[in-house]
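**Student:**
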Amino acid sequence: MATMVVISTTAIPDHVGGALSRWLIEPTPGLYVGTVSARVRDELWSAVSASVGDGVAVLIHPADTEQGFAMRTAGQRRRHVIDFDGLQLIRFAANAVDATSASETASEIVN
């Protein structure tokens with residue numbers, strides 16, 4: 059079943075934007091929206107996350123969660139998605155750090 063997806067990108071290589079625009083529309087620069095199957099969504103995200111380079115990408119899609127959606131991120135960024143009792147929340151980092159240390163910090167905050 060096809061569902062709506064939103065992919066937001068910043069400073070990605072041109073070929074990544076071209077690949078996304080084959081499947082999704084780009085209403086504003088770096089924002090891609092469309093309705094695709096889960097398989098196509100996962101393939102697009104694999105291609106984006108593998109070649110994001112110095113850029114940043116965020117994928118938001120419907121999911122069977124309390125919030126009704128799920129988020130995936132790729133690239134170095136100040137904002138990190140953390141899981142807090144089943145809710146996906148955003149944590150701001152003081153400096154650009156990897157996702158591992160952001161999740162460890164989130165565990166420390168909870169405990």
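If you count by our numbering, then the sequence shown holds residues 59 to 169, one letter each, in order.
Where a beta carbon is used, it is the ideal one built from N, C-alpha and C, also for glycine.
Please list the segments of the beta strand (DSSP E) lying wholly inside the region 67 to 142, counting only runs of 3 or more residues, in order along the chain.
**Tutor:** List check, beta strand (DSSP E) in window: 83 to 86, 89 to 94, 114 to 120, 127 to 132, 137 to 142.
**Student:** Please look up how many angstroms separate the CB atoms of Ala-69 and Ala-105, rounded, as I've assumed it's under 8 angstroms.
**Tutor:** In the sequence shown, the residue the question calls residue 69 occupies position 11. In the sequence shown, the residue the question calls residue 105 occupies position 47. Not confirmed; about 17 angstroms, so no contact.
**Student:** Go ahead and label Leu-117 buried or exposed: buried means 16 or more other beta carbons lie within 10 angstroms of its beta carbon, across all protein chains shown.
**Tutor:** For the purposes of this step, residue 117 is taken as the residue at position 59 of the sequence shown. So Leu-117 counts as buried.
**Student:** What whole-angstrom Cβ distance do Val-114 and Arg-135 have, given they're in contact under 8 angstroms?
**Tutor:** The residue labelled residue 114 in the question sits at position 56 within the sequence shown. The residue labelled residue 135 in the question sits at position 77 within the sequence shown. Confirmed, Cβ separation roughly 5 angstroms.
**Student:** Is the distance from the Cβ of Ala-81 to the Cβ of Gly-88 below 7 angstroms?
**Tutor:** Here residue 81 refers to the residue found at position 23 of the sequence shown. Here residue 88 refers to the residue found at position 30 of the sequence shown. The sequence shown places Trp at residue 81, not Ala. It is not a contact, given that the beta carbons lie outside the stated cut-off.
**Student:** Applying the criterion that 16 or more other CB atoms from any shown protein chain within 10 Å of the CB defines a buried residue, is Ser-165 buried or exposed?
**Tutor:** Mapped onto the sequence shown, residue 165 falls at position 107. Here the model assigns Ser-165 a pLDDT of 46, short of 50, so the residue's position is not dependable, and the following value carries that caveat. When all chains shown are included, Ser-165 counts as exposed.
**Student:** Leaving out the 5 sequence neighbours to the left and right, which residues in its chain are closer than 8 angstroms to Ile-83 when beta-carbon positions are compared?
**Tutor:** As a position in the sequence shown, residue 83 is number 25, starting the count at 1. The answer, listed in chain order, is Tyr-90, Val-91, Gly-92.
**Student:** In three-state DSSP terms, what is Met-59?
**Tutor:** Taking the sequence shown and counting its residues from 1, one reaches residue 59 at position 1. Correct three-state label for Met-59: coil.
**Student:** Can you tell me the Cα-Cα spacing of Asn-153 and Val-139, whole angstroms?
**Tutor:** Counted from its first residue, the sequence shown places residue 153 at position 95. Counted from its first residue, the sequence shown places residue 139 at position 81. Those two C-alpha atoms are separated by around 15 angstroms.
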